[in-house]
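Visitor:
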Amino acid sequence: MDYKNLLEVILTNLDEGIIVVDKNANVTFFNEPATEIAGLDPGKALGKNILELFPDLTEKTSTFYNVLKNKRPLIDYVQTYTNIKGKKVTIVTSTMPIIQNGELIGAVEIYRDITNLKDLAEKIVSLQKELYYKSKNPEKYNGNGTIYTFEDIIGKSKIIEELKNKAYKVANSDSPIFIYGETGVGKELFVQAIHNANIKRCKKPFIAQNCAAIPRTLLESILFGISAGSFTGAKEKAGLFELANEGTLYLDEINSMDLELQAKLLRVLQDGFIRRVGGEKAF
Numbered sequence: 195m196d197y198k199n200l201l202e203v204i205l206t207n208l209d210e211g212i213i214v215v216d217k218n219a220n221v222t223f224f225n226e227p228a229t230e231i232a233g234l235d236p237g238k239a240l241g242k243n244i245l246e247l248f249p250d251l252t253e254k255t256s257t258f259y260n261v262l263k264n265k266r267p268l269i270d271y272v273q274t275y276t277n278i279k280g281k282k283v284t285i286v287t288s289t290m291p292i293i294q295n296g297e298l299i300g301a302v303e304i305y306r307d308i309t310n311l312k313d314l315a316e317k318i319v320s321l322q323k324e325l326y327y328k329s330k331n332p333e334k335y336n337g338n339g340t341i342y343t344f345e346d347i348i349g350k351s352k353i354i355e356e357l358k359n360k361a362y363k364v365a366n367s368d369s370p371i372f373i374y375g376e377t378g379v380g381k382e383l384f385v386q387a388i389h390n391a392n393i394k395r396c397k398k399p400f401i402a403q404n405c406a407a408i409p410r411t412l413l414e415s416i417l418f419g420i421s422a423g424s425f426t427g428a429k430e431k432a433g434l435f436e437l438a439n440e441g442t443l444y445l446d447e448i449n450s451m452d453l454e455l456q457a458k459l460l461r462v463l464q465d466g467f468i469r470r471v472g473g474e475k476a477f
């Protein structure tokens with residue numbers, strides 16, 4: 195049996211990567227798994243210093259430099275870095291010194307990608323945090339239709355802090371609030387936080403409605419309600435504005451709302467009165 199060929203087959207199909215460096219941390223052998231954890235071409239990695247291949251690392255943070263300096267193995271060490279292709283990965287590594295005739299001649303490292311596992315763990319932690327808040331403050335989450343407060347906005351950047359300060363200020367206002375941003379940036383999280391930051395409003399309903407998901411004619415009756423007799427079979431029915439009275443009505447995707455309906459919405463925001471579909475009186 196050709197053991198060299200067998201070894202090459204095994205290395206090619208491993209989920210783990212293998213890097214061997216000399217005593218100066220220059221690469222002498224490099225096998226990247228099919229998952230491309232490091233994002234490097236093995237042929238171009240040979241002869242280069244490990245810090246050149248992984249610019250995110252320094253002599254203090256590099257597992258290779260640690261092992262070469264202390265001459266002791268570093269087993270199951272977890273690290274997160276951005277690879278040469280700009281992809282953020284989390285790996286677990288085992289790095290061992292190579293000793294020959296009593297002298298250190300290099301080090302070998304075996305590593306594998308645990309990025310997906312890390313992401314899953316973070317999601318679990320996030321869910322646990324949400325469950326913790328619910329169990330710790332049941333009165334805050336039961337009955338008003340929300341699950342988020344300003345405590346759930348965990349960003350520490352200057353922009354996030356400025357947004358939170360502005361949101362705190364408007365939380366005690368009865369004026370309509372317009373929040374805009376791209377999909378997924380957390381608009382509803384801020385809306386719920388504003389709702390719960392108001393001592394009186396937090397005890398009232400929070401109702402959210404996606405305006406893009408409902409046809410125009412149906413959305414109007416959902417928002418404003420229906421008066422009995424306005425059309426065949428119509429029964430008296432309160433709309434979302436009435437149901438959210440003294441609380442918060444969050445209208446998502448209002449840019450998808452019919453222009454005529456937007457005009458009616460503007461009238462409500464300006465005057466503070468609504469009239470049910472088919473109704474004669476405003477209230």
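Each residue of the sequence shown is one higher than the one before, starting from 195 at the first, in the numbering used here.
Note that beta-carbon positions come from the ideal geometry of N, C-alpha and C, so glycine has one too.
(1) Let me make sure I understand the geometry here. Which of Glu-414, Cys-396, Ser-256 has the alpha-carbon closest to that of Gln-403?
(2) Just to confirm, are Asn-338 and Lys-397 a CB contact at a threshold of 8 Å?
(3) Nearest CA to the CA of Ile-304: which residue from Phe-224, Gln-294, Gln-456?
(4) Can you tell me the Cα-Cα spacing of Lys-217 and Gly-300, whole angstroms?
(5) Can you tell me the Cα-Cα spacing of Arg-266 and Ile-212, whole angstroms?
(6) Report yes if the C-beta distance between Ile-408 and Val-471 is below 8 Å; otherwise report no.
(7) So Asn-260 is in the alpha helix (DSSP H); what residue range does that whole segment cover?
(8) May I have the straight-line CA-CA distance separating Gly-441 from Phe-467, to the nearest angstrom?
(9) Could you name the residues of the same chain whose beta carbon sits closer than 6 Å to that of Ile-448, not counting the 5 residues immediately before and after it, in chain order?
(10) In chain order, what residues of the same chain lie with their CB nearer than 7 Å to the CB of Phe-258, ignoring the 5 residues before and after it?
(11) When the Cα atoms are used, what is the spatial distance from Ile-348 to Tyr-374?
(12) Alpha carbon to alpha carbon, how far is Leu-262 from Ile-293?
(13) Out of curiosity, what's the CA-to-CA distance linking Ala-432 and Asp-368?
(14) Kindly list the residues whose CB is nearer than 6 Å to the CB of Ile-308, restricted to its own chain and excluding five residues on each side of it in sequence; keep chain order.
(15) Which residue comes first and which comes last in the beta strand (DSSP E) that contains Pro-291?
(16) Whole angstroms is fine: what's the gap from His-389's alpha carbon to Phe-400's?
(17) If you drop the 5 nearest sequence neighbours on each side, which residues of the same chain put their C-beta closer than 8 Å to that of Lys-381?
(18) Which residues in the same chain as Phe-384 place their Cβ atom closer than 8 Å to its Cβ, once the five residues preceding and following it in sequence are excluded?
Guide: So, from the data block:
(1) Locating residue 403 in the sequence shown gives position 209, where the first residue counts as 1. Among Glu-414, Cys-396, Ser-256, the Cα nearest to that of Gln-403 is on Glu-414.
(2) In the sequence shown, residue 338 corresponds to position 144, counting from 1. In the sequence shown, residue 397 corresponds to position 203, counting from 1. Taking 8 Å as the Cβ cut-off, Asn-338 and Lys-397 qualify as a contacting pair.
(3) In the sequence shown, residue 304 corresponds to position 110, counting from 1. If we check each option's Cα against that of Ile-304, Phe-224 comes out closest.
(4) For the purposes of this step, residue 217 is identified with residue 23 of the sequence shown, where counting begins at 1. For the purposes of this step, residue 300 is identified with residue 106 of the sequence shown, where counting begins at 1. C-alpha separation (whole angstroms): 4 Å.
(5) Residue numbering aside, residue 266 sits at position 72 when the sequence shown is read from its first letter. Residue numbering aside, residue 212 sits at position 18 when the sequence shown is read from its first letter. The alpha-carbon atoms of Arg-266 and Ile-212 are separated by roughly 18 Å.
(6) What you label residue 408 is simply residue 214 of the sequence shown in a count that begins at 1. What you label residue 471 is simply residue 277 of the sequence shown in a count that begins at 1. Going by C-beta atoms, Ile-408 is not nearer than 8 Å to Val-471.
(7) The sequence position of residue 260 within the sequence shown is 66, counting from 1. Note, Asn-260: alpha helix (DSSP H), 257–264.
(8) Along the sequence shown, one-based indexing puts residue 441 at 247. Along the sequence shown, one-based indexing puts residue 467 at 273. When rounded, the distance between both Cα atoms is 15 Å.
(9) Along the sequence shown, one-based indexing puts residue 448 at 254. Cβ neighbours of Ile-448 beyond the five flanking positions: Cys-405.
(10) Translated into positions along the sequence shown, residue 258 becomes position 64. Within the same chain, Phe-258 has close Cβ partners Val-215, Ala-219, Ile-244, Thr-289, Ala-301, Glu-303.
(11) Stepping through the sequence shown from its first residue, residue 348 is reached at position 154. Stepping through the sequence shown from its first residue, residue 374 is reached at position 180. Cα-Cα distance, rounded: 19 Å.
(12) In the sequence shown, counting from the first residue as 1, residue 262 sits at position 68. In the sequence shown, counting from the first residue as 1, residue 293 sits at position 99. Approximately 10 Å between the Cα atoms of the pair.
(13) Position 238 of the sequence shown, counted from the first residue, corresponds to residue 432. Position 174 of the sequence shown, counted from the first residue, corresponds to residue 368. Their Cα atoms are separated by approximately 22 Å.
(14) Position 114 of the sequence shown holds residue 308. Once the five neighbours on either side are set aside, the close Cβ partners of Ile-308 are Thr-284, Val-286.
(15) Stepping through the sequence shown from its first residue, residue 291 is reached at position 97. Here the beta strand (DSSP E) through Pro-291 covers 282–294.
(16) As a working mapping, residue 389 is identified with position 195 in the sequence shown. As a working mapping, residue 400 is identified with position 206 in the sequence shown. If you take the alpha carbons of His-389 and Phe-400, they lie about 7 Å apart.
(17) Taking the first residue of the sequence shown as 1, we reach residue 381 at position 187. Taken in chain order, the residues that qualify are Ile-373, Tyr-374, Gly-375, Asp-446.
(18) Position 190 of the sequence shown, counted from the first residue, corresponds to residue 384. Excluding sequence neighbours, Phe-384 sits near Ile-347, Leu-357, Ala-361, Ile-373.
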